[in-house]
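Trainee: Residue numbers (the numbering used here): 6 to 434. Don't be surprised by glycine CBs; every beta carbon is placed ideally from N, CA and C.
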Ligand code: UGA
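1. Does DSSP put residue 51 in a helix, in a strand, or in coil?
2. On the DSSP bridge assignment, give the partners of residue 368 in chain order.
3. Sort out for me which residues DSSP pairs residue 147 with in a bridge.
4. Spatial neighbours of residue 197 within its chain, please: C-beta separation below 6 Å, excluding the five flanking residues on both sides.
5. Say the cut is 7 Å; is the CB of residue 71 nearer than that to a heavy atom of ligand 1?
6. Between residue 103 and residue 203, is the Cβ-Cβ spacing less than 8 Å?
7. Taking C-beta to C-beta, are residue 430 and residue 256 nearer than 8 Å?
8. Verify the contact flag: residue 53, CB atom, against every heavy atom of ligand 1, threshold strictly below 7 Å.
9. Helix, strand or coil: how does DSSP classify residue 322 here?
10. To the nearest angstrom, report how far apart residue 105 and residue 149 are at their CA atoms.
11. Can you find at least 3 beta carbon pairs, one from the stretch 339-353 and one from the stretch 315-323, that sit closer than 8 Å?
12. Out of 292, 22, 30 and 75, which one is the CA nearest neighbour of residue 68?
13. Would you list the residues sitting across from residue 85 in a DSSP beta bridge?
14. So, do the stretch 257-272 and the stretch 182-200 have three or more beta carbon pairs nearer to each other than 8 Å?
15. Within this structure, are the beta carbons of residue 10 and residue 86 separated by less than 8 Å?
16. Under DSSP, the alpha helix (DSSP H) around residue 410 begins and ends at which residues?
17. Let me know the secondary structure DSSP gives residue 159 once reduced to three states.
18. What are the start and end residues of the beta strand (DSSP E) that includes residue 72?
19. Just to confirm, is the Cβ distance from residue 91 to residue 207 under 8 Å?
20. Just mark residue 5 as buried or exposed, buried being the case when its beta carbon has 16 or more other beta carbons within 10 Å.
21. In three-state DSSP terms, what is residue 429?
22. Which whole runs of the alpha helix (DSSP H) in the stretch 283-309 are 4 residues long or more, in chain order?
23. Return helix, strand or coil for residue 329, following the three-state DSSP convention.
24. Going by C-alpha to C-alpha distance, which of 159, 101, 209 and 221 sits closest to residue 23?
25. Going by DSSP, which residues form a beta bridge with residue 196?
26. Do you know offhand how far residue 217's Cα is from residue 14's?
27. Could you check the C-alpha separation between residue 395 and residue 420 for me, to the nearest Å?
28. Taking 7 Å as the cut-off, is the CB of residue 266 close to at least one heavy atom of ligand 1?
29. Can you determine whether any heavy atom of ligand 1 sits closer than 7 Å to the C-beta of residue 392, and answer yes or no?
30. Candidates 48, 259, 100 and 166: which alpha carbon is nearest residue 215's?
31. For residue 333, count neighbouring C-beta atoms within 10 Å of its own C-beta (all shown protein chains included) and say buried if the count is 16 or more, exposed if not.
32. Is DSSP giving residue 93 helix, strand or coil here?
33. For residue 259, is the beta carbon positioned less than 7 Å from some heavy atom of ligand 1?
34. Any heavy atom of ligand 1 within a distance shorter than 7 Å of the CB on residue 132?
35. If I follow the unbroken beta strand (DSSP E) through residue 99, where does it start and stop?
36. Please tell me whether, using a cut-off of 7 Å, the distance from the CB of residue 217 to the nearest non-hydrogen atom of ligand 1 is below it.
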């Protein structure tokens, strides 16, 4: 089939490459000519394992191309996927739909009358119906995306499920054809009306955020009562109904999705006259974990961090990503810097992005360099390479062997045995 993918950011670039991998002819469309030129040359402007290779493979064969020309996209595609961003509005919890609205308007103007325009962006419930009514000349469907950064290709080619929000059998048939190899592999398909399809995405992200904040609230209780949240999480996770995933307590969630999605969901629910206020508490618990790391840092530095050298391991909001959007690690680092600490950050992939956004922080090319003469080490993004650090060797680098594990993955016994004062959130000091 001939597909276009409108918006070549994280979601769109991945979707375009994966659709080519499924055997379709794909045209990626973006208003940013620099992005188009980079992708056409096989350069991916963000870190995602395997994606540069996949894009290079399909641009080389000509099966995947990129353009800024909507008229060309309209003439080319049988199916158009809209993958543009829906960031949080400035000064409001709500989502900014300007990109979605303009992408739909632009492709609806140029698409063939029998074309299917499929929304993939995360939107407030009601958006698909509104767009379908506004652009009656094309057929609209909604096909939410559940990919995780760092696993984007795997999640697109072998998803847990596909969700088709459709108003006609024809739309469902076309989408079945697009995803035929994925469906043939046994992937469950849920076909739904527009509101349900839109809500599946926001509900899934709200559930994941709630699960993380639940265990972080338990960490707060453990801190007050002297318990150990990692043992608690293991024990409750053995119950199949609860499940052990997304129960890792620590400095909390960040990134371009969960934080803004729960805010937009609570906001949309208010408009519908339904209270999802508990999501505001989920957000508040999450932010309190950042406060807690700052508080523990102060305590370990004798009451104030002024003048202390602090090494921060991690800048990305999670490992295997260079994404620093709403990163807990950088938020904590910036606050300690504001309190007068001398902060040095190291991250395996996110240094350039971090430097641009937080130019006042210090940066080191390796974890070892960041820890030189440090009074305190904060482990805030769980890159596997930080787990490999030898505590004895690290001890020889720092001024004072004190470490806070903000991700609950370091081996406390090893660090303590090497003479470190070791603290982890939600665990006994
Ligand atoms: C999230 C969802 O997991 C995807 O299913 C969804 O498609 C995506 O948002 C989206 O809406 O596009 P992502 O933002 O890539 O994906 O990251 P996650 O792997 O969900 O992690 C989110 C944050 O939670 C990270 O900061 C991570 O460190 C944190 N986290 C995760 C915890 O603090 N504890 C955990 O147990 C798990």
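Mentor: So, from the data block:
1. Position 46 of the chain shown holds residue 51. Coil at residue 51, not helix or strand.
2. In the chain shown, the residue the question calls residue 368 occupies position 363. According to DSSP, which records beta bridges pairwise, residue 368 is partnered with 350.
3. Reading the chain shown from its first residue, position 142 is the one you call residue 147. Residue 147 is bridged to 124 and 170.
4. For the purposes of this step, residue 197 is taken as residue 192 along the chain shown, with counting starting at 1. Taken in chain order, the residues that qualify are 170.
5. Stepping through the chain shown from its first residue, residue 71 is reached at position 66. Not under cutoff, so the answer is no.
6. Counted from its first residue, the chain shown places residue 103 at position 98. Counted from its first residue, the chain shown places residue 203 at position 198. Not in contact: residue 103 and residue 203 (Cβ atoms no closer than 8 Å).
7. Position 425 of the chain shown, counted from the first residue, corresponds to residue 430. Position 251 of the chain shown, counted from the first residue, corresponds to residue 256. Result yes, Cβ atoms of residue 430 and residue 256 sit closer than 8 Å.
8. As a working note, residue 53 is residue 48 in the chain shown. For ligand 1, not one heavy atom lies less than 7 Å from the Cβ of residue 53.
9. Taking the chain shown and counting its residues from 1, one reaches residue 322 at position 317. Here residue 322 sits in coil by DSSP.
10. Within the chain shown, the letter at position 100 stands for residue 105. Within the chain shown, the letter at position 144 stands for residue 149. Approximately 14 Å between the Cα atoms of the pair.
11. yes
12. Here residue 68 corresponds to residue number 63 of the chain shown, with the count starting at 1. Comparing Cα positions, the closest option is 30.
13. Within the chain shown, the letter at position 80 stands for residue 85. In the DSSP output, where bridge partners are listed per residue, residue 85 has 9 and 122.
14. no
15. Counting from 1 along the chain shown, the entry for residue 10 is found at position 5. Counting from 1 along the chain shown, the entry for residue 86 is found at position 81. Yes, the pair counts as a contact, with Cβ atoms nearer than the cut-off.
16. The sequence position of residue 410 within the chain shown is 405, counting from 1. Not the alpha helix (DSSP H): residue 410 falls in the beta strand (DSSP E), residues 407-410.
17. The residue given as residue 159 occupies position 154 in the chain shown. Three-state result, residue 159: helix.
18. As a working note, residue 72 is residue 67 in the chain shown. Looking at the DSSP string, the run of the beta strand (DSSP E) that includes residue 72 is 69-72.
19. Taking the first residue of the chain shown as position 1, residue 91 is located at position 86. Taking the first residue of the chain shown as position 1, residue 207 is located at position 202. In this structure, residue 207 does not lie closer than 8 Å to residue 91 by Cβ.
20. This structure cannot speak to residue 5, because the chain is shown only from 6 to 434.
21. By 1-based counting over the chain shown, the position of residue 429 is 424. Here residue 429 sits in strand by DSSP.
22. 283-305
23. Locating residue 329 in the chain shown gives position 324, where the first residue counts as 1. Residue 329 falls in the coil class under three-state DSSP.
24. Working through the chain shown from its first residue, we reach residue 23 at position 18. The shortest Cα separation from residue 23 among 159, 101, 209 and 221 belongs to 159.
25. Taking the chain shown and counting its residues from 1, the one referred to as residue 196 is at position 191. Bridge partners of residue 196: 169.
26. Looking up residue 217 in the chain shown gives position 212. Looking up residue 14 in the chain shown gives position 9. For residue 217 and residue 14, the distance between alpha carbons rounds to 26 Å.
27. Translated into the one-based positions of the chain shown, residue 395 becomes position 390. Translated into the one-based positions of the chain shown, residue 420 becomes position 415. In a straight line, the C-alpha of residue 395 is about 8 Å away from that of residue 420.
28. To locate residue 266, count along the chain shown from 1; it is residue 261. Under cutoff, so the answer is yes.
29. Reading the chain shown from its first residue, position 387 is the one you call residue 392. The answer is no for residue 392.
30. Along the chain shown, read from residue 1 onward, the residue named residue 215 stands at position 210. Selected option, being the one with the closest Cα: 259.
31. Along the chain shown, read from residue 1 onward, the residue named residue 333 stands at position 328. Classification of residue 333: buried, given that the 10 Å Cβ count is 16 or more.
32. Residue mapping note: residue 93 aligns to position 88 of the chain shown, counting from 1. Residue 93 falls in the strand class under three-state DSSP.
33. Here residue 259 corresponds to residue number 254 of the chain shown, with the count starting at 1. Yes, Cβ of residue 259 sits closer than 7 Å to a heavy atom of ligand 1.
34. Your numbering for residue 132 matches position 127 in the chain shown. Every heavy atom of ligand 1 is 7 Å or more from the Cβ of residue 132, so no.
35. The residue given as residue 99 occupies position 94 in the chain shown. Premise fails: residue 99 is in no beta strand (DSSP E) and is neither H nor E.
36. Residue numbering aside, residue 217 sits at position 212 when the chain shown is read from its first letter. The answer is yes for residue 217.
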